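Below is one structure, written out as structure tokens, with a few remarks after it.
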Amino acid sequence: MKKTFAVSKVRLDAGGRITAVLWGPVDTEKNAWAAPEVEVPVSKAVKAIRAGAPVFALFPSTHGHIPDRQFMVADYEGGRATIVMDGPATHEREVHDMDRLA
């Protein structure tokens, strides 16, 4: 069974691209973390997605975080890559709506 990951916080560069994430594997049957979250460079999430693992965004709510949109890889200049939301823009469910890493 392939791992599923969730991202609860992001760090953005001046251009609004994700550079780091707070993430971890999730147990989708229990809707719980399978291991503690860790802060990693976005390249780890890029690698996971390219290997076929689903990576979901967690958005802040009054009762903690709720899973919603899935990430996909976006390549940009210089051979670099980041992650972006898959699909069309959605009100209050974009990268800028997520909690931020300090």
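Residue numbering for the sequence shown is 4 to 105, as defined by the numbering used here. In this text, a Cβ means the ideal position worked out from N, Cα and C, and glycines have one as well. Nothing here was measured: the structure is a model prediction, and the numbers come from that model.
With contacts defined as CB atoms closer than 7 Å, A60 and D71 qualify as a contacting pair. Secondary structure note for A38: it is in no beta strand (DSSP E), with a DSSP letter that is neither H nor E. In terms of Cβ geometry, V24 and V13 form a close pair [threshold 7 Å]. Here DSSP, grouped into helix, strand and coil, assigns R14 to strand.
Within the segment 29 to 84, the complete alpha helix (DSSP H) segments of 4 residues or longer fall at 45 to 53, listed in chain order. The shortest C-alpha to C-alpha distance from F62 to any of A38, M88 and G82 is the one to M88.
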